[in-house]
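Heads up: the protein sequence lines correspond to chains A and B, in order. 1 is the number of the first residue of the first sequence in the working numbering; add one for each residue after it. 1 is the number of the first residue of the second sequence in the working numbering; add one for each residue after it. Positions of the beta carbon are idealized from the N, C-alpha and C atoms, including for glycine. Contents: one structure, followed by commentary.
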Amino acid sequence: MLERIGYIVIGIGVAFEILGCIGLIRLSDVYDRAVAATKCVTMGTCMMLCGVALFGAASGNWSMLVKAVICALFVLLTSPVAAHAVLRGAYLSGVPMAHTGAEDGFAQRAGELRRQHQANGQPAESAGQEQEASHEEA
Amino acid sequence: MKVLVFWIFAAALWMLLFWSANPAVIAGGCLAGLVVSLAMRPLLPDNLGRLLDVRRWFWAALFVPYFLYYVVRANLDIMLRVLNPDLPIRPGIVKLRTNLQSPMARMFLANSISLTPGTLTIDLDGQDLYVHWINISTDEPDRRGELIVGKFEPLLRRIFE
Chain A
1 MLERIGYIVI
11 GIGVAFEILG
21 CIGLIRLSDV
31 YDRAVAATKC
41 VTMGTCMMLC
51 GVALFGAASG
61 NWSMLVKAVI
71 CALFVLLTSP
81 VAAHAVLRGA
91 YLSGVPMAHT
101 GAEDGFAQRA
111 GELRRQHQAN
121 GQPAESAGQE
131 QEASHEEA
Chain B
1 MKVLVFWIFA
11 AALWMLLFWS
21 ANPAVIAGGC
31 LAGLVVSLAM
41 RPLLPDNLGR
51 LLDVRRWFWA
61 ALFVPYFLYY
71 VVRANLDIML
81 RVLNPDLPIR
91 PGIVKLRTNL
101 QSPMARMFLA
111 NSISLTPGTL
121 TIDLDGQDLY
131 VHWINISTDE
141 PDRRGELIVG
151 KFEPLLRRIF
161 E
């Protein structure tokens with residue numbers, strides 16, 4: 001019985017992973033794609049791990065259950081941090097948003113961060129500066 | 001003190017992941033836990049007394065199902081948007097403020113926002129949150145704060161502050 005539920009949970013997890021992939025293809029820039037990928041992949045992976053944990057409970061293999069649950073918690077805690085790092089890096093190195101005229105509350109802070117980097121002696125990429133200029137024009 | 005608590009936690013996690021009481025595993029866990037907790041020392045939170053507060057644990061236990069509900073809703077939301085032929089999105093980055101004071105609470109708030117419907121935290125600067133929102137539904141700043149930050153702020157304040 002538990003095993004059957006485990007299969008169902010893993011199936012749902014895989015379905016959400018597929019949705020995340022469809023989102024990756026259909027959405028247009030790195031920011032939107034990261035939104036789709038983060039949410040769907042986090043939940044898909046967590047559900048697969050929960051399914052594995054149910055297998056462990058069904059077969060009396062407790063180490064499997066404990067390890068799967070710990071891994072699920074790690075995925076839940078780390079994937080938003082990774083998404084934040086990817087998006088922040090993308091913005092600071094000048095990846096533009098695909099929708100022209102989109103609201104951009106981060107431009108000012110990003111400019112400050114770039115100036116800080118320059119003040120610390122790290123040369124900002126020329127691409128970043130060009131993008132900054134185009135952001136200001138928009 | 002905080003290093004000791006974190007050391008025990010890290011060693012316990014190591015042993016759970018190995019799932020064996022082999023002396024070599026225990027020794028390795030203690031050693032790795034010590035190295036990690038010493039290296040992370042400046043990042044660890046100071047007020048450990050809060051760990052013993054039962055009320056905080058009660059709110060934390062309440063937070064988990066509340067949070068999981070929003071994770072599921074976020075996924076259904078993405079599903080509907082992605083499968084809709086019109087692709088109903090209006091993306092942009094919005095700036096929000098939070099009243100939470102402790103860094104730990106802000107970290108959890110930012111992570112929770114990243115996993116809930118249509119939003120993803122890009123940066124956290126003091127009390128300012130920069131959030132990428134895939135479908136900006138309102139232009140009023142107050143309403144935005146209510147929609148994104150307001151869901152988790154009261155619970156997180158009870159847990160961490």
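The three-state reading of DSSP puts Ile136/B in coil, since its state is none of H, G, I, E or B. Interface criterion met: the Cβ of Ala74/B is under 8 Å from a Cβ in chain A.
Taken in chain order, the whole alpha helix (DSSP H) runs of length 4 or more contained in the region 98-129 of chain B are 103-114. Thr78/A is classed as exposed because its beta carbon has fewer than 16 other beta carbons within 10 Å across all chains shown. Boundaries of the alpha helix (DSSP H) harbouring Met47/A: 30-58, taken from the DSSP string.
Pairwise C-beta distances place the region 54-66 of chain A out of contact with the region 14-32 of chain A, as fewer than three of them are shorter than 8 Å. Under the three-state reduction of DSSP, Ile10/A is assigned to helix.
Sequence-distant Cβ neighbours of Cys71/A in its own chain, meaning closer than 7 Å and more than five residues away, are Leu49. Assignment of Gly20/A by DSSP, reduced to helix, strand and coil, places it in the helix class.
In this structure, the CA atom of Arg109/A is about 24 Å from the CA atom of Thr116/B. By the rule that beta-carbons nearer than 8 Å mark a contact, Ala58/A does not touch chain B.
The Cβ atoms of Ile122/B and Phe106/A sit closer than 8 Å to each other. Rounded to the nearest angstrom, the gap between the Cα atoms of Leu96/B and Trp14/B is 38 Å. Chain A has a Cβ within less than 8 Å of the Cβ of Asp123/B.
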